[in-house]
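Quick mapping for you: the protein sequence lines, in order, are chains A and B. Each residue of the first sequence is one higher than the one before, starting from 1247 at the first, in the working numbering. Each residue of the second sequence is one higher than the one before, starting from 244 at the first, in the working numbering. Yeah, the Cβ is synthetic: ideal placement off N, Cα and C, and Gly gets one too.
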Amino acid sequence: MTRLEATRVVVALAGDSPIVASLGHPAYDLAAAGDRPQNFYTWGSMGLASSIGVGLAMARRDLRVFVVDGDGSLLMNLGSLATIGLLAPANLVLIVMDNEEYATTGRQKTPTAHGADLDAAARAMGIAQTATARGEGELRRAIEHLNGPLVVIAKVAESAPVIKPPLDCVFIKQRFMAAIGNAEPATAAQRSS
Amino acid sequence: MRPPAWAAGVCEGVHAAGSRAVVYVPDNPLSHVLGEFESRYRDVRLMLATREEEAFGIAAGLYLGGHLPTVMLQSSGVGNSLNALTSLILPYQIPVLAIVSMRGDEGEWNAAQVPMGRALRSIFDAVDMPHATVASADAAAETVRLVGKTAFGTRRPGACLLPRRMTSASISG
Chain A
1247 MTRLEATRVV
1257 VALAGDSPIV
1267 ASLGHPAYDL
1277 AAAGDRPQNF
1287 YTWGSMGLAS
1297 SIGVGLAMAR
1307 RDLRVFVVDG
1317 DGSLLMNLGS
1327 LATIGLLAPA
1337 NLVLIVMDNE
1347 EYATTGRQKT
1357 PTAHGADLDA
1367 AARAMGIAQT
1377 ATARGEGELR
1387 RAIEHLNGPL
1397 VVIAKVAESA
1407 PVIKPPLDCV
1417 FIKQRFMAAI
1427 GNAEPATAAQ
1437 RSS
Chain B
244 MRPPAWAAGV
254 CEGVHAAGSR
264 AVVYVPDNPL
274 SHVLGEFESR
284 YRDVRLMLAT
294 REEEAFGIAA
304 GLYLGGHLPT
314 VMLQSSGVGN
324 SLNALTSLIL
334 PYQIPVLAIV
344 SMRGDEGEWN
354 AAQVPMGRAL
364 RSIFDAVDMP
374 HATVASADAA
384 AETVRLVGKT
394 AFGTRRPGAC
404 LLPRRMTSAS
414 ISG
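Dropping the structure here:
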């Protein structure tokens, strides 16, 4: 299963649910699988996609919040797993596209190529529902049948991204917020007393 | 036990600015703020983060989900937060009210806290992060409220600095 194939599975199962993507190739593949208003693409802040997902899931308990992360990115913010275990947002689905390399920066190997086990790390941090998916069927079953907070390590092959998402950060944010029902007012000051 | 006046003021200001979601990394003076939130502001949700940059990431998600978020941290943690601020919070124009408990300013005893404490305002200025310093305990509520109002009204983050000379009398350890 390539990362793009895995991303297509996530987009298909997400329906209208929001998807937060880690910068670089995970975000590029999310755009390739389907550029939709409910996609929040990060262009920086490596490691924070899962944290953004935690905040969104805590704020909007009515939505199932998907995060498409990378193994290198999650390793940069491993404490996020402890926070997910602590806050336990049941509506959070964290999918880690584990290609065992820093693909965006030139294919350097990550620790998962040498045995680092992010599924075990998630369980050790108190996250009850975890899975490692080695094919599209396993990935689909994990997302469909397990309740969150759910961490799925999707073992994927690197696939060269073909397109990039929108570049304008404020456009990404405003399109996303409008799509999930939290539109920013045209005049910012209207929002605050 | 009554909280120190500055801590009660911080809570009052955060609440008056409309924030009901606080993500924090613990700090000794901020423990008084946390205690006041827990005992008197039941409508404020407190969330612990393991690291300050993570706290800003959670705050961004809270904002996307419709909340007006506050992050509480020690000044040393601003160093841990810079990539989150400069590549997420600032470019995406995500408003966050940051409450920063100062170390390294007047009254500091730990040399390891001094360089970051002294550089903090210059660093904020360099990345165009607005900041204001609470002048006294009496001014805490209004300063925090106004920094929050500006942040949430203009969709920029804003930091409220709590000087050590104000908070240190209430440190227990």
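| Asked | Found |
| --- | --- |
| Among the candidates B:Thr293, B:Leu404, B:Ser365 and B:Arg294, whose CA atom is the shortest distance from the CA of valine 377 of chain B? | B:Leu404 |
| Inspect the CB distances between the stretch 244 to 252 of chain B and the stretch 374 to 391 of chain B and report whether three or more fall short of 8 Å. | yes |
| Do glycine 308 of chain B and alanine 1295 of chain A have their CB atoms nearer than 9 Å? | no |
| Nearest-angstrom Cα distance between leucine 1333 of chain A and valine 1300 of chain A? | 8 Å |
| In chain order, which alpha helix (DSSP H) runs of at least 4 residues are fully inside the stretch 1340 to 1389 of chain A? | 1364 to 1370 |
| Are the C-beta of threonine 1302 of chain A and some C-beta of chain B separated by less than 9 Å? | It should be noted that the sequence gives leucine, not threonine, for residue 1302 of chain A. Answer yes: the Cβ-Cβ gap between leucine 1302 of chain A and chain B drops below 9 Å somewhere. |
| For the stretch 1396 to 1414 of chain A against the stretch 1272 to 1281 of chain A, are there 3 or more C-beta pairs whose distance is under 8 Å? | yes |
| Using a Cβ-Cβ cut-off of 6 Å (strictly less than) and excluding sequence neighbours within five positions of glutamine 1420 of chain A, which residues of its own chain qualify? | Glu1430 |
| In this structure, does DSSP put glutamine 317 of chain B in helix, strand or coil? | strand |
| Strictly by DSSP, which residues pair up with histidine 275 of chain B? | Histidine 275 of chain B pairs with nothing; no bridge assigned. |
| Using a C-beta to C-beta distance shorter than 8 Å, which residues of chain E count as neighbours of arginine 1306 of chain A? | Chain labels in this structure do not include chain E; the protein chains are A and B. |
| So who's on the other strand from lysine 1410 of chain A, going by DSSP bridges? | Per DSSP, none; premise fails for lysine 1410 of chain A. |
| Tell me which same chain residues have a C-beta within less than 7 Å of the C-beta of arginine 263 of chain B, skipping the five on either side of it? | Asp286, Val287, Arg288 and His310 |
| Given a limit of 9 Å on CB to CB distance, which residues of the stretch 1335 to 1349 of chain A reach chain B? | none |
| What's the gap between the Cα of serine 1438 of chain A and the Cα of arginine 398 of chain B? | Residue confidence for serine 1438 of chain A is low, a pLDDT of 46 falling below 50, so the modelled location carries little weight and cannot support an answer. |
| What whole-angstrom Cβ distance do valine 387 of chain B and isoleucine 342 of chain B have, given they're in contact under 8 Å? | 7 Å |
| Could you give the first and the last residue of the continuous beta strand (DSSP E) run that contains tyrosine 1287 of chain A? | 1285 to 1287 |
| Are alanine 327 of chain B and proline 312 of chain B close, meaning C-beta to C-beta below 9 Å? | no |
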